[in-house]
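What follows is a single structure, written as structure tokens, with notes after it.
Given below as structure tokens:
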């Protein structure tokens, strides 16, 4: 409540200031025209980022804003044109300026086909333009990430859409990076497409080569996002503004096309993928706004020689943009149809496997700005979206060697049977089991099984931001105060299968089994976010000090809340030549519904089974099963947070400009499904037998043969995932050498990530059974990954003929992964199979028969703590070529790992063990684009 009070108080103070301290402002009247036609451009976006002021040109290409006198950075952008970014001086009174936008094509003298760094002093980010996406022939948003500093050559499975692709930034792992589409986030929080029941959730069909989309423990599947209707992408790797919530370590800001643009039809192909798309924008009238529409179809075969496993994508979108007085609005409606299919291999009589992942999505999104321009109060910005996704994950296969005994009971302690009468008695006449809404069964050795997971996800989001600006003496202040509300739920039928043909039970699961589940019972998750941020600017001695400080408060109702401060600061040491900057921030990510409401864990213990008894008649054969059910929910679960720290330099000398960033990201409470001390349970295993089978064939009575304690256990969602990444990022643009029409760019990254699972480790000897105790160890292993990678890019263009070729030399200089095991031989405690409680353990106890199976020293790899040598440097050369013919046709070609460098590396830790480097990097593709004006 104190956070709420402070944010409300800030808002009141700002509003009072703008009412009581009206300042003199200047008026800027501008005109935006096109360089090729000299015609005015309607609906061009005019943005003053440092002042928090935004406007849109009217039907005659004019805009009018009120600003404080002084220097201002202005950004002007419009679909199909190169953006303008420059600094202007605004004086008191009325100012009139004209701006000319150049057409964004490959005839521009200094075309930009690489990612560009963020502006000096801003959060560390990279912006990818439409031209850059056309040049690399991106088929999905995942491909765009290959343009980031130090990024390695993309895997062929990403380029051909054959696997789900989420994106994490700087080692962040909890649910991937946030995807913000047209001001509203895309959410995976309501995804429950999982067969997990007390175990770590996994996709409904996630075996190698099968259909598999995003899971409840991953981020948004970026395969589904086509780039052909995207105008620009910004990847924030540093400390993002407080307006961005529900993120782990970074965010990807996607802006789709809006406004007038020529009809563009594109055909792309590579050895696995065929894709066709069309985009078009129409201006309805001078004041009626503009309509933009697009469609995309992609078909990918997992293997070119096999057509029975493939992925299909269909996207369609219609958008409307208009400026009505002081109100700018942009609304889009989109649909998406996605199919990931796998069917049996033709001609293989032993292959019965079929898998399907189907998603049908509808999304309605709107955003806008209402200019207020009164005192300090600049404008109100809003964004809202609603998404409905219908999902079905289906899997079918033949179960072999599958004689298992199941129960359909969901009640803890219930004893069910498969007897014809539905009742089983003991020899003393007492009732042992009576089926009441549930029963036991034994599956045959071979049978067909199928399951479906039906999800109906609903995601709603709304955000409102008030922007203020003003001067106080020598300082300039830009303030934003806002709130957002998000709601995520799932009303699907859930996990469905025929109880008489249950999913195959793995022997590694012990006694654990599956149960169906409806998602109707799961409550929606509602999250409220409140935030305030100030950008403080001070000019002194010809230098600029900028401090952006803010705080965000997020509350998941019925769960947890968190306060996340964020700070970015920069100081101009040498005007227009050297800037030092730094930042600190905390980001927070809410759990998914699967983490808040995991399915209970079910265990079936077989008490009696006489199917193999030769003395029994068929009518006398049956099974008796005791079911144990335990909640997998974790009342101690909390919001996952990440601490981010940065220190950097932005420099420029002549035409050479660059950035150097040192960073450290750390999370101590990421989400994971792990074992906890209270997820181990000691239960009775009672076995029954028959003294004598009645000669008349009637059902026999049972007698107790033995009773012993067994230890059963399951996972639950925890905050046990932890990681720390340290690294350095470098990007240097050496400028264009006009004599050879070539620009050289060098970027690279060195990073080392340490990851581990917090809490105790659990284990015992391989020969142990469920009747043995479980060892408890003080630590889990630490995993390390280190990489040093650089990209040297040469961009050569002949603008007069619209020709661009980019050669990229990607070198991985240093790469290694290893693990460090701590105290993994002698447990510090043990969980008793007798009562499920933890007790102290000492090494001397290994000598006792009861604890012999806790000794796993003979099972451990003696080389586990030996660090392998670093892999030798490896070079990968990538080529991208684009030729534009008279503004009506564009041809693009790319070849990754053009020289097919795939060397073998031999491990020094295990001589004779080899790794094929860059085995999945050789790839090529072609695209043809027709522009119809």
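In our numbering, the protein residues as written are 59 to 991. Ideal Cβ placement from N, Cα and C applies to all residues, glycine included. Just so you know, these numbers come straight off a predicted model, no measurement behind them.
Assuming residue 908 is part of the alpha helix (DSSP H), what are its boundary residues?
Your numbering for residue 908 matches position 850 in the chain shown. Looking at the DSSP string, residue 908 is not in any alpha helix (DSSP H), and its letter there is neither H nor E.
Run of the beta strand (DSSP E) containing residue 739, from where it starts to where it stops:
As a working mapping, residue 739 is identified with position 681 in the chain shown. 738-747 is the span of the beta strand (DSSP E), which, as asked, contains residue 739.
For residue 405, count neighbouring C-beta atoms within 10 Å of its own C-beta (all shown protein chains included) and say buried if the count is 16 or more, exposed if not.
Residue numbering aside, residue 405 sits at position 347 when the chain shown is read from its first letter. Residue 405 is exposed by the Cβ-count criterion.
Sort 979, 871, 877, 845 by Cα distance to residue 229 and report the nearest one.
The residue labelled residue 229 in the question sits at position 171 within the chain shown. Considering only alpha carbons, the answer is 845.
State the Cα-Cα distance for the pair residue 439 and residue 384, rounded to the nearest angstrom.
Translated into the one-based positions of the chain shown, residue 439 becomes position 381. Translated into the one-based positions of the chain shown, residue 384 becomes position 326. Going by the C-alpha atoms only, they are around 12 Å apart.
Can you name, in chain order, every residue of its own chain whose Cβ lies under 7 Å from the Cβ of residue 546, other than the five neighbours on each side?
Against the chain shown, residue 546 aligns to sequence position 488. Here the set comprises 245, 247, 248, 517, 582, 583, 651.
Residue from 208, 761, 855 with nearest C-alpha to residue 795:
As a first step, residue 795 is located in the chain shown; it is residue number 737 there, counting from the start. It is 855 whose Cα lies nearest to the Cα of residue 795.
Which residue from 512, 515, 480, 313 puts its Cα closest to that of residue 498?
Position 440 of the chain shown, counted from the first residue, corresponds to residue 498. If we check each option's Cα against that of residue 498, 480 comes out closest.
Nearest by alpha-carbon distance to residue 125: which of 829, 436, 916 is it?
Your numbering for residue 125 matches position 67 in the chain shown. Nearest option by C-alpha distance: 436.
So for residue 915, helix, strand or coil by DSSP?
Start at 1 with the first residue of the chain shown, and residue 915 comes out as number 857. In this structure, residue 915 counts as helix in the three-state DSSP scheme.
Secondary structure of residue 590, DSSP reduced to three states
In the chain shown, counting from the first residue as 1, residue 590 sits at position 532. Here residue 590 sits in strand by DSSP.
Enclosing alpha helix (DSSP H) for residue 201 [first to last residue]
As a working mapping, residue 201 is identified with position 143 in the chain shown. Residues 199-202.
Can you check the region 525-553 for any alpha helix (DSSP H) of at least 4 residues that lies completely inside it and give the ranges in chain order?
none
Quick one: grab the DSSP three-state call for residue 569.
For the purposes of this step, residue 569 is taken as the residue at position 511 of the chain shown. Here residue 569 sits in coil by DSSP.
So, residue 691 versus residue 774, is the Cβ gap smaller than 8 Å?
For the purposes of this step, residue 691 is taken as residue 633 along the chain shown, with counting starting at 1. For the purposes of this step, residue 774 is taken as residue 716 along the chain shown, with counting starting at 1. In contact: residue 691 and residue 774 (Cβ atoms closer than 8 Å).
Here's a check: name, in chain order, each residue in its chain whose Cβ is nearer than 7 Å to the Cβ of residue 634, leaving out the five neighbours to either side.
Sequence index remark: in the chain shown, residue 634 carries index 576 (1-based). Hits under 7 Å: 710.
Could you compute how far the alpha carbon of residue 141 sits from the alpha carbon of residue 948?
Along the chain shown, read from residue 1 onward, the residue named residue 141 stands at position 83. Along the chain shown, read from residue 1 onward, the residue named residue 948 stands at position 890. Using only the alpha carbons, I get a separation of about 21 Å.
Nonlocal neighbours in the same chain, by C-beta distance under 6 Å from residue 174, ignoring five residues either side:
One-based indexing of the chain shown puts residue 174 at position 116. Around residue 174: 185.
Can you tell me the Cα-Cα spacing of residue 414 and residue 369, whole angstroms?
Position 356 of the chain shown, counted from the first residue, corresponds to residue 414. Position 311 of the chain shown, counted from the first residue, corresponds to residue 369. Taking the straight line from one Cα to the other gives about 10 Å.
Residue 649, buried or exposed, once every other Cβ within 10 Å from all chains shown has been counted against 16
The residue given as residue 649 occupies position 591 in the chain shown. Residue 649 comes out buried.
Residues in its own chain within less than 6 Å of residue 372 by CB, not counting five upstream and five downstream?
As a position in the chain shown, residue 372 is number 314, starting the count at 1. Around residue 372: 355, 395.
Label residue 217 either buried or exposed according to how many other C-beta atoms from any shown protein chain fall within 10 Å of its C-beta, with 16 as the threshold for buried.
What you label residue 217 is simply residue 159 of the chain shown in a count that begins at 1. Under this definition residue 217 is a buried residue.
Considering just the uninterrupted stretch of the alpha helix (DSSP H) at residue 190, what are its terminal residues?
Residue numbering aside, residue 190 sits at position 132 when the chain shown is read from its first letter. Where residue 190 is concerned, the enclosing alpha helix (DSSP H) stretches over 188-194.
Going by beta carbon distance, what residues of the same chain come within less than 7 Å of residue 923, once the five residues before and after it are set aside?
As a working mapping, residue 923 is identified with position 865 in the chain shown. Hits under 7 Å: 878, 879.
Report the partner residues of residue 343 according to the DSSP bridge assignment.
Working through the chain shown from its first residue, we reach residue 343 at position 285. 347, per the DSSP bridge assignment.
When you compare the CB positions of residue 171 and residue 193, do they come within less than 8 Å of one another, or not?
Translated into positions along the chain shown, residue 171 becomes position 113. Translated into positions along the chain shown, residue 193 becomes position 135. Cβ atoms of residue 171 and residue 193: closer than 8 Å.
Own chain residues within Cβ distance below 6 Å of residue 981, not counting five before or after:
Within the chain shown, the letter at position 923 stands for residue 981. If we look at residue 981 and ignore the five residues flanking it on each side, its Cβ neighbours are 214, 217, 954.
May I ask you to report which of helix, strand or coil DSSP gives residue 421?
Working through the chain shown from its first residue, we reach residue 421 at position 363. Looking at residue 421 - three-state DSSP - the assignment turns out to be strand.
Output the residue ranges of the beta strand (DSSP E) runs that lie fully inside the region 429-504 and measure 3 residues or longer, sorted by chain position.
435-457, 463-465, 473-475, 481-483, 489-492, 498-500
Comparing alpha-carbon positions, which option in 660, 629, 803 lies nearest residue 853?
Position 795 of the chain shown, counted from the start, is the residue given in the question as residue 853. Nearest C-alpha to residue 853: 803.
From what residue to what residue does the beta strand (DSSP E) around residue 124 run?
Here the question's residue 124 lines up with position 66 in the chain shown. Residues 120-125.
Mind the definition here: the region 737-744 touches the region 759-770 only if three or more C-beta pairs lie below 8 Å; say whether that holds.
yes
State whether the region 580-599 contacts the region 609-620, with contact taken as three or more CB pairs (one from each stretch) at a distance under 8 Å.
yes
Rounded C-alpha distance that separates residue 274 from residue 655:
As a first step, residue 274 must be located in the chain shown, where it is residue number 216. As a first step, residue 655 must be located in the chain shown, where it is residue number 597. Rounded to the nearest angstrom, the two C-alpha atoms are 12 Å apart.
Go ahead and pull the three-state DSSP assignment for residue 577.
Position 519 of the chain shown, counting from 1, holds the residue named residue 577. Residue 577 falls in the helix class under three-state DSSP.
Separation of residue 659 from residue 470, as counted between CA atoms
Your numbering for residue 470 matches position 412 in the chain shown. Your numbering for residue 659 matches position 601 in the chain shown. Approximately 10 Å, taken between the alpha carbons.
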